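Everything below concerns the one structure shown next.
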Amino acid sequence: MTINALILLPSILAGAMTFIGGLIFKRNPPKKINWWYGYRTKRSMENQEKWDFAQKIGAENMMKYSLIPFLTSILGFLIDQQHIGLSIVIVILSALAWAFFSIYRTEAKLKSEFDHKEE
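Mapping to our numbering: the sequence shown position 110 is 124, numbers consecutive.
So, in structure tokens, the structure goes:
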């Protein structure tokens, strides 16, 4: 069996980059609401309290769900190099899964934390 570098390398790099990005945002979150960087959604930008909370939770989720691409890299040992299309699909799906879970969990936490306060 040969190692499929088309899955292994991009998945490891994506996992490492998202973990490092989460670590950077956790240690140095954007202080003020802005349109350039940070966890930016309509809900997170409603006020400063939500913004600060979203930066913290968003960074934690980025780091937590960076495991998805890392775990996907294991498939690089199982799928032949000849299956290029499948390899590309797997890498793309792992990146989309990371983004989906990071955003979904952050938005759910924002909603549960703040929606009851606004009633």
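The beta-carbon is built from N, C-alpha and C at its ideal position, and this holds for glycine as well. Every value quoted in this text rests on a predicted model; they were computed, and no experiment measured them.
Could you tell me the distance, in whole angstroms, from the CA atom of residue i to the CA atom of residue j?
i      : j      : result
MET77  : PHE67  : 16 Å
ILE47  : HIS97  : 44 Å
GLY29  : TYR51  : 20 Å
LEU124 : ILE117 : 10 Å
How close, in whole Å, do the beta carbons of residue i and residue j come, if the pair is a contact with beta carbons under 8 Å?
i      : j     : result
THR120 : GLY72 : 5 Å
GLY99  : ILE21 : Going by Cβ atoms, the distance from GLY99 to ILE21 rounds to 12 Å, so no, they are not a contact pair.
ILE104 : THR86 : 6 Å
GLU74  : LYS40 : 7 Å
ASN69  : TYR79 : Checking the sequence shown, residue 69 turns out to be Gln, not Asn. The Cβ separation is near 16 Å, so there is no contact.
Nearest to residue i by alpha carbon, out of the options?
i      : options                     : result
PRO43  : ARG57, TRP65, ALA122        : TRP65
PHE128 : SER108, ILE88, GLU60, GLY29 : GLU60
GLY36  : SER108, ALA122, ALA113      : ALA113
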